[in-house]
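**Student:** Using the UniProt record's numbering, the letters of the sequence shown correspond one by one to residues 1 to 490. Please see the structure below; I have some questions.
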Amino acid sequence: MARATRGTRGTVSAASATAERRPLPRGVVRNLSERFHALRKERRTAWTGTSSSSATTSAASSSSSSGSSTRGWRCSSSLGERRATNELASVSKPGGSLEEEEYVLACCEAEAGPLTVAVLVSGGVDSSVALSLLKRAGHKLKAFYLQIWFEEAFDNYWGECPWEDDLKYVKEVCEQAGVELEVVPLTKEYWDMVVSYSINEIKAGCTPNPDMMCNSKIKFGAFVDYLEAKYPTGTWDRVASGHYARIRQTEGGERVLSMSRDERKDQTYFLASLRTDQLERCMFPIGCFAKDEVRMLAQKFELATRDRKDSQGICFLGKVDFDEFIEKHLGTREGLFVEDETKEVMGKHRGYWFHTIGQRKGIGLSHGPWYVSSKDVENNIVYISKNYHNEVRERSSFLCSGFNWIAGITAPQAKGVLRCKVRHGPGMYECKFTETEAGGMARVDIKGKDHGFAPGQYAVFYDDDICIGSAIIRSMPEPLASKAPPRDVS
């Protein structure tokens, strides 16, 4: 029988203690050690607000190596990235020097002492590594899997529940970590707040962003409501997830959302619709790592999810075909494909709601490639063009509304370089934000040009690498194409 070993964090099995002390791969340790020293250099200069040339050079160097810059913000470094010798000394560590271990636990807020953390797990490698890192940091954990799927009569796709595999992997990872798992049924909430929203936006001719709604309304919304209703007040210090993002703390103690060190995988775009009170409880343990480092850690920890591929597509559809889902809920209505430049009718479609701006696949016309350039919702006309990516069609401004500011400032109050994203990904534009005379609306002018401003999508704003908020793209000051006159499609 395995003898239990006791430390300041409580009792763990001998097998668990051995697993937690496994050394990290040399490549990971070397890379993390280099980043840790760059991080320390960044802390000494970038967050002090000093204007000396030497400090500016140092901060720029650190920003280049770490993928972050917070000029103008007086922030402490990412929570958990400061020295925490006493706390870490009482935790069973995977191996390596203290500084290396500090970086491994970088986004786990180890210096705050053991926290009680509700960890969202999905069955993917990211949330699995997040759970493992929090365990190694000595926090008290409980894992939660959100049951959000809904039953639909799609006989071609429902041979078995497409989420059964996810739950199987979740159970294996939690068993490996010795963490209790609870499945939380939020199907109704997910339908009401995410799926219905998406259907309504598509019907209005807009491009929805269900991932943003899922984060603000479900993962850090309805789920937190569930925790507060079921557990005594004050039970949970944090809600953690496997998002590529970081939480930084200003000198005034406010928690602000900051970009991940992996700019390619950064997911602050999807988190920009959270409220400030939601951010106060967020924790993102893998935000200090690149994706390849997360994969290497998963391999070293021998997690059940280490070889799983990342999920793709719209979260609530699973294996269900998008067009079939839309047809079930919005039906079909025959309309015209009209060439944007010539206004010549090129063919017929089954309804504008099957098409989104920039779409190429699914148009089904010869002599292409054709792209959807705009839509006339009132007359059910979809404009298409072969020249969608032509420079003439690119625009450098858009109108937006529905602002959600999460860092205590608005875009005009940015202290550093104001930038924005108009879609998830590494691409960002320096921009100018101008409030219009019409209440609740603003014009954004980007430094550069883009052809993908889709009404309904989100623009997310950054003060250097601090995410300060979001807005919904409504339209462009100059439309891409004039509407064709209504036509009888019968």
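The C-beta atom is built at its ideal place from N, Cα and C for all residues, glycine as well.
#1: Tell me whether residue 326 sits in a helix, a strand or coil according to DSSP, three-state version.
#2: Could you tell me if residue 458 is buried or exposed, where buried requires 16 or more neighbouring beta carbons within 10 angstroms of its beta carbon?
#3: Rounding to the nearest angstrom, what Cα-Cα distance links residue 276 and residue 406 in this structure?
#4: If I'm right that residue 170 touches residue 294 with Cβ under 8 angstroms, what's the distance once you round it to whole angstroms?
#5: Taking C-beta to C-beta, are residue 144 and residue 194 nearer than 9 angstroms?
#6: In three-state terms, what does DSSP make of residue 471?
#7: Do you know whose CA, among 123, 197 and 138, lies nearest residue 164's CA?
#8: Any contact between the segment 411–423 and the segment 365–376? By contact I mean 3 or more CB pairs, one from each, below 8 angstroms.
#9: Helix, strand or coil: which one does DSSP assign to residue 341?
#10: From the DSSP secondary-structure annotation, give me the bridge partner or partners of residue 431.
#11: Curious, which full-length beta strand (DSSP E) runs of at least 3 residues does the segment 244–277 contain?
#12: Using DSSP with H/G/I as helix, E/B as strand and the rest coil, what is residue 413?
#13: Please go through the same chain and pick out, in chain order, the residues whose beta-carbon is closer than 6 angstroms to the beta-carbon of residue 190, but skip the five residues on each side of it.
#14: Looking at residue 435 and residue 446, is the spacing between their C-beta atoms short of 9 angstroms?
#15: With C-beta atoms as the reference, is residue 247 less than 9 angstroms away from residue 108?
#16: Beta-carbon within less than 8 angstroms of residue 475's beta-carbon, same chain only, minus the 5 sequence neighbours each way: which residues are those?
#17: Judging by CA-CA distance, which residue of 302, 229 and 237 is the nearest neighbour of residue 113?
#18: Under the rule that 16 or more other beta-carbon atoms within 10 Å means buried, what is residue 266, buried or exposed?
#19: Tell me, please, whether the CB atom of residue 245 is closer than 9 angstroms to any CB atom in chain B?
#20: Rounded to whole angstroms, what's the CA-CA distance from residue 359 to residue 424? Just pull it up for me.
#21: Using CA atoms only, rank isn't needed, just tell me which of 168, 361, 281 and 325 is closest to residue 225.
#22: By a C-beta neighbour count over all protein chains shown, 10 Å radius and 16 as the cutoff for buried, is residue 210 buried or exposed?
#23: Could you please give me the residues that DSSP links to residue 383 through a beta bridge?
#24: Quick one: using the 10 Å Cβ neighbour count with 16 as the cut-off for buried, is residue 57 buried or exposed?
#25: Between residue 105 and residue 137, is the Cβ-Cβ spacing less than 9 angstroms?
#26: Go ahead and label residue 328 buried or exposed: buried means 16 or more other beta carbons lie within 10 angstroms of its beta carbon, across all protein chains shown.
#27: Give the single residue among 347, 351, 371 and 260 whose Cα lies nearest to the Cα of residue 357.
#28: Quick check: residue 339 and residue 385, are their CB atoms within less than 9 angstroms of each other?
#29: If distances are taken between C-alpha atoms only, which option among 306, 347 and 353 comes closest to residue 368?
#30: With a CB to CB cut of under 8 angstroms and the five nearest residues on each side skipped, what residues in its chain are close to residue 394?
#31: Measuring straight from C-alpha to C-alpha, what distance separates residue 187 and residue 300?
#32: Go to residue 165, then tell me how far its alpha helix (DSSP H) extends in each direction, as first and last residue.
#33: Residue 467 to residue 270, Cα distance in whole Å?
#34: Using the rule of at least 16 other Cβ atoms within 10 Å of the residue's Cβ for burial, across every protein chain shown, is residue 380 buried or exposed?
#35: From residue 230 to residue 441, what does the alpha carbon distance come to, in whole angstroms?
#36: Would a C-beta distance cut-off of 9 angstroms place residue 305 and residue 117 closer than the cut-off?
**Tutor:** In short:
#1: As a first step, residue 326 must be located in the sequence shown, where it is residue number 326. It is helical.
#2: Counting from 1 along the sequence shown, the entry for residue 458 is found at position 458. So residue 458 ends up on the buried side.
#3: As a working mapping, residue 276 is identified with position 276 in the sequence shown. As a working mapping, residue 406 is identified with position 406 in the sequence shown. Residue 276 and residue 406: Cα-Cα distance of roughly 5 angstroms.
#4: The count along the sequence shown starts at 1 and reaches residue 170 at position 170. The count along the sequence shown starts at 1 and reaches residue 294 at position 294. Actually they do not touch by this definition, with Cβ atoms about 17 angstroms apart.
#5: The count along the sequence shown starts at 1 and reaches residue 144 at position 144. The count along the sequence shown starts at 1 and reaches residue 194 at position 194. Cβ distance not < 9 angstroms, so residue 144 and residue 194 don't count as in contact.
#6: Locating residue 471 in the sequence shown gives position 471, counting from the first residue. Residue 471 falls in the strand class under three-state DSSP.
#7: What you label residue 164 is simply residue 164 of the sequence shown in a count that begins at 1. Nearest of 123, 197 and 138 to residue 164, Cα basis: 123.
#8: no
#9: Taking the sequence shown and counting its residues from 1, one reaches residue 341 at position 341. Correct three-state label for residue 341: coil.
#10: Reading the sequence shown from its first residue, position 431 is the one you call residue 431. DSSP, once it has assigned bridges, lists 446 as partnering residue 431.
#11: 245–250 and 255–259
#12: Taking the first residue of the sequence shown as position 1, residue 413 is located at position 413. It is helical.
#13: In the sequence shown, counting from the first residue as 1, residue 190 sits at position 190. Closer than 6 angstroms at Cβ, skipping near neighbours: 148 and 218.
#14: The count along the sequence shown starts at 1 and reaches residue 446 at position 446. The count along the sequence shown starts at 1 and reaches residue 435 at position 435. Contact flag unset, no.
#15: For the purposes of this step, residue 247 is identified with residue 247 of the sequence shown, where counting begins at 1. For the purposes of this step, residue 108 is identified with residue 108 of the sequence shown, where counting begins at 1. No. Outside cutoff.
#16: Position 475 of the sequence shown, counting from 1, holds the residue named residue 475. Counting only Cβ-Cβ distances below 8 angstroms, and skipping sequence neighbours, we find 398, 399 and 455.
#17: Position 113 of the sequence shown holds residue 113. Comparing Cα positions, the closest option is 237.
#18: Translated into positions along the sequence shown, residue 266 becomes position 266. Buried, because 16 or more other Cβ atoms sit within 10 Å of the Cβ of residue 266.
#19: Judged by its chain identifiers, the structure shown contains no chain B, having just a single protein chain.
#20: Here the question's residue 359 lines up with position 359 in the sequence shown. Here the question's residue 424 lines up with position 424 in the sequence shown. Spanning the two alpha carbons is a distance of roughly 16 angstroms.
#21: Locating residue 225 in the sequence shown gives position 225, counting from the first residue. Looking at the Cα atoms, 281 is the closest of the given residues.
#22: Taking the first residue of the sequence shown as position 1, residue 210 is located at position 210. So residue 210 counts as buried.
#23: What you label residue 383 is simply residue 383 of the sequence shown in a count that begins at 1. For residue 383, which the question treats as bridged, DSSP gives the partners 338 and 374.
#24: Looking up residue 57 in the sequence shown gives position 57. For residue 57, the predicted model reports a pLDDT of 34, less than 50, meaning its position is unreliable and no value from the coordinates is stated.
#25: Taking the first residue of the sequence shown as position 1, residue 105 is located at position 105. Taking the first residue of the sequence shown as position 1, residue 137 is located at position 137. The answer is yes: Cβ separation under 9 angstroms.
#26: Within the sequence shown, the letter at position 328 stands for residue 328. Its Cβ having fewer than 16 others within 10 Å, residue 328 is exposed.
#27: Looking up residue 357 in the sequence shown gives position 357. The candidate whose alpha carbon is nearest that of residue 357 is 371.
#28: Translated into the one-based positions of the sequence shown, residue 339 becomes position 339. Translated into the one-based positions of the sequence shown, residue 385 becomes position 385. Yes, the pair counts as a contact, with Cβ atoms nearer than the cut-off.
#29: As a first step, residue 368 is located in the sequence shown; it is residue number 368 there, counting from the start. When each option's Cα is compared against that of residue 368, the closest is 347.
#30: Counted from its first residue, the sequence shown places residue 394 at position 394. Excluding residues within five positions, the ones whose Cβ falls inside 8 angstroms are 449, 450 and 451.
#31: The sequence position of residue 187 within the sequence shown is 187, counting from 1. The sequence position of residue 300 within the sequence shown is 300, counting from 1. For residue 187 and residue 300, the distance between alpha carbons rounds to 35 angstroms.
#32: The count along the sequence shown starts at 1 and reaches residue 165 at position 165. Per DSSP, residue 165 belongs to the alpha helix (DSSP H) from 164–177.
#33: By 1-based counting over the sequence shown, the position of residue 467 is 467. By 1-based counting over the sequence shown, the position of residue 270 is 270. Whole-angstrom Cα-Cα distance: 11 angstroms.
#34: As a first step, residue 380 must be located in the sequence shown, where it is residue number 380. Flag for residue 380 reads buried.
#35: As a working mapping, residue 230 is identified with position 230 in the sequence shown. As a working mapping, residue 441 is identified with position 441 in the sequence shown. About 40 angstroms.
#36: Your numbering for residue 305 matches position 305 in the sequence shown. Your numbering for residue 117 matches position 117 in the sequence shown. No. Outside cutoff.
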